[in-house]
Amino acid sequence: MIDINEILADINVSTKIEKLKARSTTTPDWGKYQQDYEPQLHKIVNDRQGRRDKIHTDGTVDRAARIPIGLEKLLTKRVTEFTFAIPPKRVYTGTDNDTRKQIAKAIEAIYKHAHIGTENIKRGIAYYASCEIFTLWYVVNRPNTLYGFQTPFKLKCRTFSPMDGCTLYPLFDETGDLLAISVEYERTVKDETVTFFETFTADTHYKWQQSGKEWEEVDEPAKISILKIPGAYLYRPQPIFDGLQTLREDLEYTISRNSDIIAYNSAPILKVVGNIVGEELKGETRRVYRMMDGGDVSYVSWPQSVAALEFHITSLLKHFWMQSQMPDISFDNLKSLGQIGFDARKTLLTDCHLKIGEETGPWLEFFNRECNVIKAFLKKINVKWKDEVDNVGVEHIITPFVIEDEAAKLDYHMKANGNKPV
């Protein structure tokens, strides 16, 4: 059984931090998957064996085409957009008196002024790509009336993830409760890169920095007044694009090879049959050759198999999006659909909505934990509400993106209203 107090009581700081780094979760190495996520880190960019440059005797070089395609990054954005392009709604229950209604408005104002919509997009990308995020909520001294009452504090949030160069170390107990979470990151202090290590428990915030090989305490441990870890942690076992690397690599090499072929055959080739009489006559707009004995001059066309190439590329893209359960909503695909109805659009996105439905479970748990943290802060910011805050229920609803149709909405409401005007 893990005893967090015993770990933190260790007088040897290095040993203490090593114990705090004993992860309770298994998440993939972001350094490995970053090579799939970032197009400029793809294998083809630096491949000098499969894509060799051609060096001529005069020293000139024909560089082989090395075309990276950021399908993994695009997929991550697409899944995030389908999840959060329509901002998650919060439905409040138990607001049967004026105080609770004011509490609901205050919670909504906290989300609004923390720019939670923008934060959701940022942490959606980080979660789907780097597999784990930790959103820390904290107060700053800034007098305001943003939440419907006068307060000297403003509530803000910040998200840590491996995409930002941070390493997260969650520590769970045997029942799955989060005992502590630590964040390791680097910052430049006076032209020197310093490593910091912060740990958050239910009642205390610790911060250390590494000087040479030794760790030293930056500040005295700070008490956490809300008596719970002031944030929410979320992780997944694999990135959203796991298993799709082979399809993307085959696509990159196919397009790059074809690019070399096109470049090689782009210069026109002139075929001459028979002997040329005299010199070539160059006019203002044309060149004239005189041929003997029925000779001929013509350009040689290049019989490229365009259909086979297009089929191969289209098949690779089709399988990439099909395996990811995301639609290929590029402009060319959408314009070919024409003016289809709202129900048809929803049907086309069935697989995508099923995928987002599968992903919403962890998100809803994360949002619920985060909301409990916000409620705990609200009790401290406005102590008059401390006995009523927990009586306000908050349900989060995630709606997968679909293009709205006002006519379909009106038709739906009219049918529900007995075909009367609405």
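Residue numbers (numbering that gives the first Met the number 0): 0 to 421. Virtual Cβ for every residue (Gly too), placed ideally from N, Cα, C.
{"Query": "Tell me which residue opens and which closes the alpha helix (DSSP H) that Tyr263 is part of.", "Result": "Gln244 to Asn264"}
{"Query": "So, using beta-carbon positions, are Leu308 and Asp249 closer together than 9 Å?", "Result": "no"}
{"Query": "Specify whether the region 63 to 77 and the region 233 to 253 touch according to this definition: at least 3 beta carbon pairs, one from each stretch, less than 8 Å apart.", "Result": "yes"}
{"Query": "In this structure, what does DSSP give as the bridge partners for His204?", "Result": "Phe199 and Ala221"}
{"Query": "Can you tell me whether Glu278 is helix, strand or coil according to DSSP?", "Result": "coil"}
{"Query": "Run through DSSP, which three-state label would Met325 get?", "Result": "coil"}
{"Query": "Counting only the same chain and skipping the five closest in sequence on each side, list residues whose C-beta sits under 6 Å from that of Val90.", "Result": "Glu394"}
{"Query": "Contact check, Gly273 vs Asp259 under 8 Å by CB: the rounded distance?", "Result": "The Cβ separation is near 34 Å, so there is no contact."}
{"Query": "Compute the beta-carbon to beta-carbon distance between Glu131 and Leu233, rounded to the nearest angstrom, for a pair I have assumed lies under 8 Å.", "Result": "7 Å"}
{"Query": "In chain order, which continuous runs of the alpha helix (DSSP H) of length 4 or greater are located wholly inside the region 304 to 380?", "Result": "305 to 323, 330 to 334, 341 to 347 and 349 to 380"}
{"Query": "Taking the Cβ atom as the reference point for each residue, do Trp136 and Cys156 lie within a distance shorter than 9 Å?", "Result": "yes"}
{"Query": "Contact defined as beta carbons within less than 8 Å: I believe Thr24 pairs with Pro169. What is the distance between those atoms, to the nearest angstrom?", "Result": "6 Å"}
{"Query": "Would you mind sorting Tyr298 into buried or exposed? The rule is 16 or more other CB atoms within 10 Å of its CB.", "Result": "exposed"}
{"Query": "Just the C-alpha distance for Val372 and Glu216, rounded to the nearest angstrom, thanks.", "Result": "27 Å"}
{"Query": "How about Ala179 and Ile102: are their beta carbons less than 9 Å apart?", "Result": "no"}
{"Query": "If Arg65 sits next to Asp46, beta carbons under 8 Å apart, how far is it from one beta carbon to the other, in whole angstroms?", "Result": "7 Å"}
{"Query": "Thr187 by DSSP, collapsed to three states: which one?", "Result": "strand"}
{"Query": "Restricting to Cα atoms, I'd like to know which of Asp218, Phe83 and Ser304 is closest to Asn257.", "Result": "Ser304"}
{"Query": "Would Phe195 and Ile223 qualify as a contact pair, given that the criterion is a beta-carbon distance under 9 Å?", "Result": "no"}
{"Query": "Given a threshold of 16 other Cβ atoms within 10 Å of its Cβ, counted over all protein chains shown, does Asp52 qualify as buried or as exposed?", "Result": "exposed"}
{"Query": "When the Cα atoms are used, what is the spatial distance from Asp2 to Glu17?", "Result": "15 Å"}
{"Query": "Along the chain, where does the beta strand (DSSP E) that runs through Tyr433 open and close?", "Result": "Residue coverage of the chain in this structure runs from 0 to 421, which leaves residue 433 outside it and unanswerable."}
{"Query": "Mark Thr82 as exposed unless 16 or more other C-beta atoms lie within 10 angstroms of its C-beta, in which case mark it buried.", "Result": "buried"}
{"Query": "Can you tell me which of Pro420, Glu197, Lys212 and Lys374 puts its alpha carbon nearest to the alpha carbon of Glu219?", "Result": "Glu197"}
{"Query": "Between which residues of its own chain and His318 is the CB-CB distance below 7 Å, once the five residues before and five after are set aside?", "Result": "Leu246"}
{"Query": "Rounded to whole angstroms, what is the Cα-Cα separation between Asp40 and Gln34?", "Result": "Position check: residue 40 holds Leu in this sequence, whereas Asp was assumed. Between Leu40 and Gln34, the C-alpha separation is close to 5 Å."}
{"Query": "Is any heavy atom in the ligand PLP found nearer than 8 Å to the beta carbon of Lys379?", "Result": "Among the ligands in the structure shown, none appear at all, so the ligand PLP cannot be discussed."}
{"Query": "My output table needs one value for Trp422: the three-state DSSP class, helix, strand or coil.", "Result": "Absent from the model: residue 422. The displayed extent of the chain is 0 to 421, so no value can be given."}
{"Query": "If you follow the alpha helix (DSSP H) that Asp97 is part of, which residue opens it and which one closes it?", "Result": "Asp97 to His112"}
{"Query": "For His412, name the three-state secondary structure that DSSP assigns.", "Result": "helix"}
{"Query": "Tell me whether Glu251 is buried or exposed, calling it buried when 16 or more other Cβ atoms sit within 10 Å of its Cβ.", "Result": "buried"}
{"Query": "With respect to the alpha helix (DSSP H) encompassing Ile16, which residues constitute its N-terminal and C-terminal limits?", "Result": "Val12 to Leu19"}
{"Query": "Please go through the same chain and pick out, in chain order, the residues whose beta-carbon is closer than 6 Å to the beta-carbon of Trp320, but skip the five residues on each side of it.", "Result": "Asp327"}
{"Query": "Taking Cβ to Cβ, would you say Phe133 is nearer than 9 Å to Leu154?", "Result": "no"}
{"Query": "Apart from the five residues just before and just after Tyr32, which ones in its own chain have a Cβ nearer than 6 Å to its Cβ?", "Result": "Pro238"}
{"Query": "Assign Glu118 to one of three DSSP states: helix, strand, or coil.", "Result": "helix"}
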